[in-house]
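Residue numbers (the working numbering), protein chains in the order written: chain A, 775 to 1126; chain B, 240 to 753.
Glycine included, every Cβ here is placed at the ideal spot set by N, Cα and C.
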Amino acid sequence: MSCLEWIILTLINRVNGQRTSGGVYHLLTGKRSAQTIQDARLFDCYKIAGSVKNLSRERFEDSVSLMLKKGFLSESEGNYYLLTSKGKEVLQTLDKKYKLPAYFNGGKYEWSGLAPVYWERFSLFFQTLASFAVNEKQFIPVSYRLDTQRWVKQRIRELQQPAATASEQLYNELVEFLHQLPEREAELFVSRLTAPGHTGRTFDQLSYMYAGDPLYTKLFFQSVLHLLIKNTGENPGKYPFLHTFAEIKKGKQILTASAEETNKLLKKGKTLEEIMGIRGLKRSTIEDHIIEIAIYDKENISNHLINEEEASVILRAAEETGSKRLKQIKDKLGGKYSYFQIRLALARQRER
Amino acid sequence: MNLEQILQEKFGHTEFRTGQKEIIQSVLEKRNVLAVLPTGAGKTLCYHFPSRLIDGMTIVVSPLLSLMEDQVHQLRAKGDKNVLQLNGMLTFEERKHVLNEINADTMLFLSPEMLANRKLLQRLASIKNGLFVVDEAHCISQWGHEFRTDYLRLKEVIKFLGNPSCLALTATATNKVEKDIIGQLEMDDPVIHRYSVNREHIKFFVHKAETKQLKLEYLKNCLKTLEKPAIIYAPTRSDTISLSRYIESLNAGLTAYYHGGMSKEDRLLVQHQFLNNELDIICATSAFGMGINKPDIRTVIHMHLPPSAEQFVQEAGRAGRDEAESAAVIIYTDEDKYIPLSFIDLEFPEEQELKVWLRTLKQLGQNNVSLPGDGEMSKILQAEEPQWKMLKFYLEKENIISGPVINERGISEQLFNKLNRQFSYRKLEKERKFEDMESLVQGKTCIRAGILRYFDEEKEAGIEKCCSACGLSINDVFSGNKNMQENRRLPIEQNGWKEELAQMLIGPKRRTIR
């Protein structure tokens, strides 16, 4: 069984039949919708969420139906899946084979797209300095994205020191960072980099390092990247080069663009109804935005939408039903609270 | 104007290759030009060169996204920053950026579906247009091996842009296709430059094996003699993977696989490795090779029968751009014909399918629904997107669809019969193309002569012992002694990551740091 099966089983197990397979798929690929973002918190899978962003729906469905056939899964009702006892055994075995790498945080770095952006910029910057070091002014870039190329070019132009000094500086920063890692992870990271005569290796080519599984290898690489972003962000003085690759226009990395608009209006003190009018959007859309904002920015949601007392009543009910399906929670509360209020309360709940 | 001098100064080449100068001269004389140049003959220079001299922007329409990207980035890497591209893969902001940047000195690559965008065309028309290049021009012809409906817009577009002179380029055109290109583009008084598809230094070898296993055996023996770098083409994605594993097990050279389902980053890395001689052999689907500008590929092997002679000639032609001895090998079994035939089957709708599609469209029309986008519409019909686009093209021709309006009253039994006939006809054409390919390799006659005949070239190959059918064997040409210039990235464990990092970033000269 491959790492992908392990991830799928893990998520289906966490969701435990309370979302359709579509909901599970969105968690795997990190769909940027309020519902999925909320689910990641609810089902305590924030870290593993968004770990297989490029997974196609077909590939996912194939894998699910294969596991259904093998008797690892059972279908509780249309498109809701549960692990069978056999499936639980398999998962236990797989848990010994695969572990989410130490610093991997999909919800934080993959979902937002921050890690891929960081890597694109960094690897192109690296390739550029490395080419300068051997006096190659012409090279085919590792990234074809024009905005990445522009960003790196700008960065090179702004260098305060000669290229050779910059290379040394970057080298020292990388060594400083990589030293704290297990040897294997440092090797993996360096093997992905491209310099003249040293083209980066694909995950397939590097999979011998991690159980022969390209996806598992990729997770370790991403984990290193997540730690890199975290460390350099916490200590920019120590990493004058490395911390800059994470720069993104403020606020942009987390909220969807439309939710950001709503957020601005909320900050100006507009009510939900006013925002509907100003933006010409449906109530449900604005509600989705507010949920999304609440997940990231609890303080910003004012008390008139939901107060502490109401929130705790809802959370208690949720706990008592032991369910995360909104309908059951709503029924338990005798219909006194709207779906929106229940979702909001769940969203504001602390990360477990 | 001394073209050679410009070639030297601006492009760093000392001489033109066959055909290039003649084509460039005609383009500079503002003539409409159709050029049929064999694969690997340097088509890009035929428009890149004039684009630097003529007054006005050069637009290049190219159907293959990955090819376009490779071309654009290779040209930009060589320092030509006024080369830009517009295609569906760019984000909204990127597109805006490109549209702001274009000017009369730009060489702009466009994917054909962009031409349906009115606003974009208006922006293009606001700039002086000097040259309009149609790359892979055979795509405009239904007789070609890759018909693209988007290409039929081209003649309107050229008019809209104020009739800049037009250069149509292709590597593979029979006489029929050649006439069709000129007609469809309404090229006025065109100059035709046609060069032979024959590439004498490429030797053809065909081997029919009885079983799949024997095919691999034969490949194993081939690889002992044939030179590298090599491309091995396989029909499906999973075949490329298993083939690369097999070659790994033979220790026949460093290998990797390549197919369209890989992530873009990994595809670029594999491509880089191959260009850089860090790999000996690449196992790939036909997705690989379009934009690869590697002159020293020695061997191209097909582990199946390509769907058409055109495709075979293009893929085999990636060998030996440097005009040194090279090999094109086909290893096949009788069963191999089912894959291309089933691909053809999938491309066209069954009668019943077509009926359902038309019924669905009629319903949409009756409910006054305006036509959804292509992606959406293919979902509604449960069709592949190219299938829907093909249907849409015919429906537009029949005035059933005009813009977003569905003229449902035109959808009738008669229409169904007509479309069904057309599809069956196109399907038959494709099947015939495959049969032509099959007979190229099955006959006892010279393969090269067969290819030349297929492309309506009169002259015979004129070389003795030019292919396996003429009695040439791989050992006659290659000895297996010559090894490629290796340029290996050592396993990282060898020197450790720190040393590797120092070598990459600081260079071999100054390795004394820390």
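Counting contacts by CB-CB distance shorter than 9 Å, is D921(A) in contact with chain B?
The residue labelled residue 921(A) in the question sits at position 147 within the first sequence. Taking 9 Å as the CB threshold, D921(A) lines the interface with chain B.
Which residues in the same chain as T784(A) place their Cβ atom closer than 6 Å to its Cβ, once the five residues preceding and following it in sequence are excluded?
In the first sequence, the residue the question calls residue 784(A) occupies position 10. Closer than 6 Å at the Cβ level, and outside the excluded window around T784(A), lies no residue.
Going along chain B in order, which residues have a C-beta closer than 7 Å to the C-beta of L1016(A)?
Translated into positions along the first sequence, residue 1016(A) becomes position 242. Going along chain B, no residue has its Cβ under 7 Å from L1016(A), so there is no contact; the nearest lies around 13 Å.
How many whole angstroms separate the CB atoms of N271(B) and D427(B), which I take to be in contact at a CB cut-off of 8 Å?
Looking up residue 271(B) in the second sequence gives position 32. Looking up residue 427(B) in the second sequence gives position 188. Contact flag correct, Cβ pair sits at about 6 Å.
What would DSSP say about T867(A), mapped onto helix, strand or coil?
Residue numbering aside, residue 867(A) sits at position 93 when the first sequence is read from its first letter. Reduced to three states, the DSSP call for T867(A) is helix.
Inspect the beta-carbon positions of P468(B) and I521(B) and report whether they are closer than 9 Å.
Indexing the second sequence from 1 puts residue 468(B) at position 229. Indexing the second sequence from 1 puts residue 521(B) at position 282. In this structure, I521(B) lies closer than 9 Å to P468(B) by Cβ.
Let me know the secondary structure DSSP gives C522(B) once reduced to three states.
Along the second sequence, read from residue 1 onward, the residue named residue 522(B) stands at position 283. The answer is strand: DSSP assigns C522(B) an E or B state.
Under the three-state reduction of DSSP, which class applies to K447(B): helix, strand or coil?
Locating residue 447(B) in the second sequence gives position 208, counting from the first residue. Residue state, collapsed to three classes: strand.
Thinking C-beta only, is A412(B) closer than 9 Å to F694(B)?
As a working mapping, residue 694(B) is identified with position 455 in the second sequence. As a working mapping, residue 412(B) is identified with position 173 in the second sequence. Yes.
For the alpha helix (DSSP H) containing E549(B), list its first residue and its last residue.
The count along the second sequence starts at 1 and reaches residue 549(B) at position 310. Counting along the chain, the alpha helix (DSSP H) containing E549(B) begins and ends at 548–555.
Any beta-carbon of chain A closer than 9 Å to the one on D505(B)?
Here residue 505(B) refers to the residue found at position 266 of the second sequence. Answer yes: the Cβ-Cβ gap between D505(B) and chain A drops below 9 Å somewhere.
Between the beta-carbon of I786(A) and the beta-carbon of V798(A), is there less than 9 Å?
As a first step, residue 786(A) is located in the first sequence; it is residue number 12 there, counting from the start. As a first step, residue 798(A) is located in the first sequence; it is residue number 24 there, counting from the start. Yes.
State the start and end residues of the unbroken beta strand (DSSP E) segment that holds V908(A).
For the purposes of this step, residue 908(A) is taken as residue 134 along the first sequence, with counting starting at 1. Per DSSP, V908(A) belongs to no beta strand (DSSP E) and is neither H nor E.
Taking N437(B) as the reference, give the member of D584(B), V539(B), E697(B) with the closest Cα.
Position 198 of the second sequence, counting from 1, holds the residue named residue 437(B). N437(B) has its Cα closest to that of E697(B), out of D584(B), V539(B), E697(B).
Enumerate, from N- to C-terminal direction, the unbroken alpha helix (DSSP H) stretches of 4 or more residues contained entirely within the stretch 796–826 of chain A.
808–816
With distances taken Cα to Cα, identify the nearest neighbour of P915(A) among N909(A), V926(A), I1088(A), V908(A).
Along the first sequence, read from residue 1 onward, the residue named residue 915(A) stands at position 141. The residue with the shortest Cα to Cα distance from P915(A) is V926(A).
What three-state label does DSSP hand H541(B) in the structure shown?
For the purposes of this step, residue 541(B) is taken as residue 302 along the second sequence, with counting starting at 1. Here H541(B) sits in strand by DSSP.
Given that V891(A) touches chain B, what residues does it touch there, using C-beta distances under 8 Å?
Here residue 891(A) refers to the residue found at position 117 when the first sequence is read from its first residue. Per Cβ cutoff of 8 Å: no residues; V891(A) is ~13 Å from chain B at best.
Taking F443(B) as the reference, give the member of S404(B), R537(B), E352(B) with the closest Cα.
In the second sequence, residue 443(B) corresponds to position 204, counting from 1. For the residues S404(B), R537(B), E352(B), the minimum Cα distance to F443(B) belongs to R537(B).
Please report the straight-line C-alpha distance between A960(A) and N734(B), rounded to a whole angstrom.
One-based indexing of the first sequence puts residue 960(A) at position 186. One-based indexing of the second sequence puts residue 734(B) at position 495. Answer to the nearest angstrom: the Cα atoms are 13 Å apart.
Taking just the CA atoms, how far does S265(B) sit from I431(B)?
Within the second sequence, the letter at position 192 stands for residue 431(B). Within the second sequence, the letter at position 26 stands for residue 265(B). Per the coordinates, the alpha-carbon of I431(B) lies some 9 Å from the alpha-carbon of S265(B).
What distance in whole Å lies between the Cβ atoms of G804(A) and K827(A), which are believed to be in contact at a cut-off of 8 Å?
For the purposes of this step, residue 827(A) is taken as residue 53 along the first sequence, with counting starting at 1. For the purposes of this step, residue 804(A) is taken as residue 30 along the first sequence, with counting starting at 1. Confirmed, about 6 Å.
Find the residues of chain A that neighbour S502(B), judging by a C-beta separation of less than 7 Å, and give them in chain order.
For the purposes of this step, residue 502(B) is taken as residue 263 along the second sequence, with counting starting at 1. Those are N828, listed as they occur along chain A.
Could you check which residue in H1000(A), F878(A), F906(A) has the C-alpha nearest to that of A969(A)?
As a first step, residue 969(A) is located in the first sequence; it is residue number 195 there, counting from the start. Looking at the Cα atoms, F906(A) is the closest of the given residues.
Alpha carbon to alpha carbon, what distance is there between E549(B) and I569(B)?
Numbered from its first residue, the second sequence carries residue 569(B) at position 330. Numbered from its first residue, the second sequence carries residue 549(B) at position 310. The alpha-carbon atoms of I569(B) and E549(B) are separated by roughly 15 Å.
Decide yes or no for the touch test of the stretch 660–674 of chain B against the stretch 684–693 of chain B: beta carbon pairs closer than 8 Å, at least 3 of them.
no
Less than 9 Å between CB atoms is the rule here; does W382(B) satisfy it with respect to chain A?
For the purposes of this step, residue 382(B) is identified with residue 143 of the second sequence, where counting begins at 1. Cβ-Cβ to chain A under 9 Å: no for W382(B).
Using 8 Å as the Cβ pair cut-off and three pairs as the minimum, do the stretch 920–935 of chain A and the stretch 986–999 of chain A touch?
No: fewer than three Cβ pairs fall under 8 Å.
Could you name the residues that DSSP lists as bridge partners for M296(B)?
Residue numbering aside, residue 296(B) sits at position 57 when the second sequence is read from its first letter. As a beta-bridge residue in DSSP terms, M296(B) pairs with N368(B).
Using the DSSP secondary-structure output, state which residues sit across from Y571(B) in a beta bridge.
As a position in the second sequence, residue 571(B) is number 332, starting the count at 1. Per DSSP, K447(B).
Does the Cβ of R833(A) have 16 or more other Cβ atoms within 10 Å, making it buried, or fewer, making it exposed?
On the first sequence, position 59 is the one that residue 833(A) refers to. Counting C-beta atoms within 10 angstroms of its own C-beta, R833(A) has fewer than 16 neighbours from the protein chains shown and is therefore classed as exposed.
Between F913(A) and chain B, is the shortest Cβ-Cβ distance under 9 Å, so that the two count as touching?
Counted from its first residue, the first sequence places residue 913(A) at position 139. Interface residue, yes.
List the whole-angstrom C-beta distance separating Q553(B) from A343(B), where the pair is believed to meet the contact cut-off of C-beta under 8 Å.
Numbered from 1 along the second sequence, position 314 holds the residue referred to as residue 553(B). Numbered from 1 along the second sequence, position 104 holds the residue referred to as residue 343(B). Not confirmed; about 33 Å, so no contact.
Can you list, in chain order, the residues of its chain with a C-beta nearer than 6 Å to that of V509(B)? Leave out the 5 residues immediately preceding and following it.
Indexing the second sequence from 1 puts residue 509(B) at position 270. Here the set comprises A495, Y497.
Does any C-beta atom of chain A lie closer than 9 Å to the C-beta of I471(B)?
Numbered from its first residue, the second sequence carries residue 471(B) at position 232. Cβ-Cβ to chain A under 9 Å: no for I471(B).
Could you check where the beta strand (DSSP E) with Y496(B) kicks off and where it finishes?
Position 257 of the second sequence, counted from the first residue, corresponds to residue 496(B). First-last of the beta strand (DSSP E) with Y496(B): 494–497.
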